[in-house]
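To get our numbering, take the position in the sequence shown, counting from 1, and add 92. Glycine included, C-beta positions come from ideal geometry on N, C-alpha and C. Report on the structure given below.
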Amino acid sequence: MTRASGTSGIWRQASAVALGIAVALLIAGVAIAAYNERAYTMQRADEASVQARILAAAVTAALAFEDREAAQEYVNALGANPEVEAASVFDAAGLPFVTYARTAVLAVSSADGFAGPAVSPADGFAASPADGFIDVTAPVVQGGIVLGSVHLRSVTEPFAARLERYGGIALLVTMGVLVVVVLGAAHAALSRANAELRQQASALAEAYQKLKAETEERERAEEALRQSQKMEAIGQLSGGVAHDFNNLLQAMSGCLRLIERKAAVPEIRPLIEAGRQAVDRGAKLTQQLMAFARRQALRPEPVDVEGRLRGMSELLARALRADIELRMELERGLWPIEVDPTQFELAVLNLAVNARDAMPDGGRLLVEGRNLTLSSDLGPQGLGPQGLAQELAGDYVRLSLTDTGQGMSAEVLARAFEPFFTTKGVGQGTGLGLSQVYGFARQSGGTAHIDSTPGQGTSIVLMLPRCLATPAPGGPEPASAAGPGGGRRLLFVEDDPVVGAMMASAIEDLGYVVTRAVSADEALALVERGEEFDLLFTDVVMPGTASGLDLAREVRRLRPAMPILLTSGYNEGAQAGKEFPLLPKPYRVETLADALANLAEGPRVVSS
Numbered sequence: 093m094t095r096a097s098g099t100s101g102i103w104r105q106a107s108a109v110a111l112g113i114a115v116a117l118l119i120a121g122v123a124i125a126a127y128n129e130r131a132y133t134m135q136r137a138d139e140a141s142v143q144a145r146i147l148a149a150a151v152t153a154a155l156a157f158e159d160r161e162a163a164q165e166y167v168n169a170l171g172a173n174p175e176v177e178a179a180s181v182f183d184a185a186g187l188p189f190v191t192y193a194r195t196a197v198l199a200v201s202s203a204d205g206f207a208g209p210a211v212s213p214a215d216g217f218a219a220s221p222a223d224g225f226i227d228v229t230a231p232v233v234q235g236g237i238v239l240g241s242v243h244l245r246s247v248t249e250p251f252a253a254r255l256e257r258y259g260g261i262a263l264l265v266t267m268g269v270l271v272v273v274v275l276g277a278a279h280a281a282l283s284r285a286n287a288e289l290r291q292q293a294s295a296l297a298e299a300y301q302k303l304k305a306e307t308e309e310r311e312r313a314e315e316a317l318r319q320s321q322k323m324e325a326i327g328q329l330s331g332g333v334a335h336d337f338n339n340l341l342q343a344m345s346g347c348l349r350l351i352e353r354k355a356a357v358p359e360i361r362p363l364i365e366a367g368r369q370a371v372d373r374g375a376k377l378t379q380q381l382m383a384f385a386r387r388q389a390l391r392p393e394p395v396d397v398e399g400r401l402r403g404m405s406e407l408l409a410r411a412l413r414a415d416i417e418l419r420m421e422l423e424r425g426l427w428p429i430e431v432d433p434t435q436f437e438l439a440v441l442n443l444a445v446n447a448r449d450a451m452p453d454g455g456r457l458l459v460e461g462r463n464l465t466l467s468s469d470l471g472p473q474g475l476g477p478q479g480l481a482q483e484l485a486g487d488y489v490r491l492s493l494t495d496t497g498q499g500m501s502a503e504v505l506a507r508a509f510e511p512f513f514t515t516k517g518v519g520q521g522t523g524l525g526l527s528q529v530y531g532f533a534r535q536s537g538g539t540a541h542i543d544s545t546p547g548q549g550t551s552i553v554l555m556l557p558r559c560l561a562t563p564a565p566g567g568p569e570p571a572s573a574a575g576p577g578g579g580r581r582l583l584f585v586e587d588d589p590v591v592g593a594m595m596a597s598a599i600e601d602l603g604y605v606v607t608r609a610v611s612a613d614e615a616l617a618l619v620e621r622g623e624e625f626d627l628l629f630t631d632v633v634m635p636g637t638a639s640g641l642d643l644a645r646e647v648r649r650l651r652p653a654m655p656i657l658l659t660s661g662y663n664e665g666a667q668a669g670k671e672f673p674l675l676p677k678p679y680r681v682e683t684l685a686d687a688l689a690n691l692a693e694g695p696r697v698v699s700s
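Here's what the structure looks like:
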């Protein structure tokens, strides 16, 4: 109510101001009219004087030569100007030389009043406005001699016309009266316009916020794509390096085996054991690289997440320190997942060790598990800055390990999953733990991401796909003990010359009769030619038109009863391991002996 009365008072003051302005405009209009009347008359007199001078200059020659016809043409030409009513040219004696009049009345009057000069030609220019006319006289001079004069009569506006012209001033009074009404209407229109502007401004602000959110979302998606491409490129490089390194480790392992069997010097055995330990360390590094590159041979099976984690609690507690509290919060009815159980436990253990190192002064590690269904239209919710909702639509188990440690800066967070990247001191870490976790999650059909704030801890999340199958109770049967080859014929296919030579000798030491081929094409030719073999042991990745997997499939077709063992240090082993037994590189000779003994159940050949 107070606001309304204040607005009314403002508008009453505005009305008084408007009325005062209207009166001021009326007075100003009258003053402007009087001034304009005088200025207009003077302007018309000046214009008539100019026309008289022009006419005087034009008829100079005609007067000098008494050419009335030419002078009459000049005078008649003035008829084109509607403001000229009459004009006359007089000679030096003051007698009419030529005359022009627009109307008959003026033509008659030219015999008296207008016929003679208003002033003597010697007097120069003269102008006299009267009765709505302006009479102007101008001398005609040539070489200082006055030849005569010209007289010009121009019309000014009649009083009625002037009254009509200035009648608009009267409108000012009306306008002054209407000002208040107009202002009121303008105020209402302005209020509506302001309301519309506020609505438009609100809509624009909302559109801006939406555009800003979309822009930020697109920038996050582009950053995620760049990160994914970078990780994929690093993975390809890491996988290739690991593959070649595996072959070198395999050759070293075979050499150590041969040296151990042929050297009788006891002092050499500690050196051999040290070499084997170095090979084992190299094998673990390559396995971690292969895990990051998603090229390790996984053996996925249904896994009970809750049971597996509960069973690992004691192992995790030992991996942590006494000043770190371990807490598990697992949702009841947690779905099973389909993963390689060994790699799953290794990933969880790696994350726990990283959390321990991030809490040098103690803290808490929280292991959480819950079921989560992702829809393709959810955007990055629950997936962090590297949101992959469209790719990962479906049912998942979300497993997170959250510590209360030091956290990560934005620079460290951007590179945390890269292999060999570590913030630990020299000798305190390889930088492959998180990269192995990331590769395991992606190869298992899920993903991993990190949420971290410096000084507030870190949460590492694994998204692993749900499995509809029921996990089998118990674990796999232990492998049977290895036995000697007993003269069984073994076809060994390996393209690497160093690995081939060393491992062929090691396999012969196990009691097998070895036939070596350097490609799948060569091995297949031996089988098709009718050569008898009890076992096939072949690498997967080889040169030529066929791979080791192609060879194994063709041999199975030709000789279904022949046992087949594959080996690989590269990603092709993942597919091959689904069809045939697979021995990952690098491997020890003892491991190979066990694998061959489990397969070699065919007839034996006694060599002569």
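Pick out whichever of the options has its Cα sitting closest to the Cα of residue i.
{"i": "Tyr679", "options": "Lys670, Asn690, Thr659", "result": "Thr659"}
{"i": "Leu426", "options": "Leu691, Arg448, Arg402, Ile351", "result": "Arg402"}
{"i": "Ala154", "options": "Val181, Tyr530, Gly549, Pro394", "result": "Val181"}
{"i": "Ala178", "options": "Asp159, Ala150, Gln143, Glu158", "result": "Gln143"}
{"i": "Leu457", "options": "Thr434, Leu560, Glu430, Ser492", "result": "Ser492"}
{"i": "Leu484", "options": "Gln498, Gln435, Ser536", "result": "Ser536"}
{"i": "Leu657", "options": "Leu583, Ile226, Ala439", "result": "Leu583"}
{"i": "Leu348", "options": "Asp686, Leu691, Ala687, Val681", "result": "Val681"}
{"i": "Phe625", "options": "Arg419, Arg651, Asp601", "result": "Arg651"}
{"i": "Ser611", "options": "Leu602, Gly622, Arg621, Pro589", "result": "Pro589"}
{"i": "Pro392", "options": "Pro557, Ala285, Gly603, Glu398", "result": "Pro557"}
{"i": "Leu627", "options": "Met634, Ala131, Val395, Arg581", "result": "Arg581"}
{"i": "Glu417", "options": "Glu623, Arg448, Ala609", "result": "Arg448"}
{"i": "Gly579", "options": "Gly592, Glu600, Ala593, Asp587", "result": "Glu600"}
What residue range is occupied by the uninterrupted beta strand (DSSP E) comprising residue i?
{"i": "Met404", "result": "Not the beta strand (DSSP E): Met404 falls in the alpha helix (DSSP H), residues 397 to 411."}
{"i": "Asp488", "result": "Before going further, note that residue 488 is Tyr rather than Asp in the sequence given. Residues 486 to 495."}
{"i": "Gln193", "result": "The sequence as given places Ala at residue 193; Gln does not occur at that position. Unbroken beta strand (DSSP E) run through Ala193: 188 to 193."}
{"i": "Leu658", "result": "656 to 660"}
{"i": "Leu244", "result": "237 to 247"}
{"i": "Asp183", "result": "176 to 183"}
{"i": "Glu417", "result": "416 to 422"}
{"i": "Asp631", "result": "627 to 631"}
Within a Cβ cutoff of 8 Å, which residues of the same chain sit near residue i, ignoring the five residues on either side of it in sequence?
{"i": "Leu616", "result": "Ala638, Leu643, Glu646, Val647"}
{"i": "Leu170", "result": "Gln143, Leu147, Val176, Ala179, Tyr192, Leu244"}
Using C-beta distances below 6 Å, list every residue in its chain close to residue i, excluding the 5 sequence neighbours before and after it, in chain order.
{"i": "Met595", "result": "Gly346"}
{"i": "Leu526", "result": "Ala508, Phe509"}
{"i": "Pro695", "result": "Bear in mind that the predicted position of Pro695 carries a pLDDT of just 39, short of 50, making it too unreliable to give a figure here."}
{"i": "Ala230", "result": "Ala144, Arg145, Ala148, Phe217, Val242"}
{"i": "Gln520", "result": "Below a pLDDT of 50, predicted positions are generally treated as unreliable, and Gln520, at 49, falls in that range; no measurement from the model is reported."}
{"i": "Cys559", "result": "Pro394, Pro428, Ile429, Glu430"}
{"i": "Asn160", "result": "According to the sequence provided, residue 160 is Arg. The question's Asn does not apply to it. Excluding positions up to five away in sequence, the list reads Val190."}
{"i": "Pro433", "result": "Val395"}
In terms of residues, what are the limits of the alpha helix (DSSP H) holding residue i?
{"i": "Arg648", "result": "640 to 650"}
{"i": "Phe436", "result": "433 to 449"}
{"i": "Arg462", "result": "Not the alpha helix (DSSP H): Arg462 falls in the beta strand (DSSP E), residues 455 to 466."}
{"i": "Thr683", "result": "681 to 691"}
{"i": "Gln498", "result": "It is not in any alpha helix (DSSP H) - Gln498 carries neither H nor E in the DSSP assignment."}
{"i": "Gln164", "result": "160 to 169"}
{"i": "Leu674", "result": "Per DSSP, Leu674 belongs to no alpha helix (DSSP H); it is in the beta strand (DSSP E), 674 to 676."}
{"i": "Asp613", "result": "612 to 620"}
Using a Cβ-Cβ cutoff of less than 7 Å, which residues in the same chain neighbour residue i once the five nearest sequence positions on both sides are dropped?
{"i": "Asp415", "result": "Gly454"}
{"i": "Val247", "result": "Glu175, Glu177, Gly224, Phe225"}
{"i": "Ala687", "result": "Leu657, Pro673, Leu675"}
Drop a sphere of 10 angstroms on the beta-carbon of residue i, count the other beta-carbons inside from all chains shown, and report buried for 16 or more, exposed for fewer.
{"i": "Gly461", "result": "buried"}
{"i": "Met451", "result": "buried"}
{"i": "Lys677", "result": "buried"}
{"i": "Val431", "result": "buried"}
{"i": "Gln473", "result": "Since pLDDT at Gln473 reaches only 45, below the 50 mark, its modelled position is unreliable, and the value read off the structure follows with that caveat. Exposed, since its Cβ has fewer than 16 Cβ neighbours within 10 Å."}
{"i": "Phe157", "result": "exposed"}
{"i": "Pro213", "result": "In this predicted model, Pro213 has a pLDDT of only 40, less than 50, meaning its place in the structure is not dependable enough to derive any value."}
{"i": "Leu684", "result": "buried"}
{"i": "Val619", "result": "buried"}
{"i": "Ala446", "result": "In the sequence on display, residue 446 carries Asn and not Ala. Buried: at least 16 other Cβ atoms inside 10 Å."}
{"i": "Pro635", "result": "exposed"}
{"i": "Leu691", "result": "buried"}
{"i": "Thr496", "result": "buried"}
{"i": "Tyr530", "result": "buried"}
Looking at residue i and the ligand NAD, is the gap between the Cβ and the nearest heavy atom below 7 Å?
{"i": "Ile119", "result": "Of the ligands one can find in the structure shown there are none, so the ligand NAD has no counterpart to examine."}
Checklist line | Touch test, the region 501 to 509 against the region 404 to 413, Cβ-Cβ under 8 Å, three pairs minimum | finding: No contact exists between the region 501 to 509 and the region 404 to 413.
Next item on the list: Kindly confirm or deny that the region 543 to 553 and the region 416 to 426 touch, where touching means at least three C-beta pairs closer than 8 Å.
Entry: Output reads no: the region 416 to 426 does not touch the region 543 to 553.
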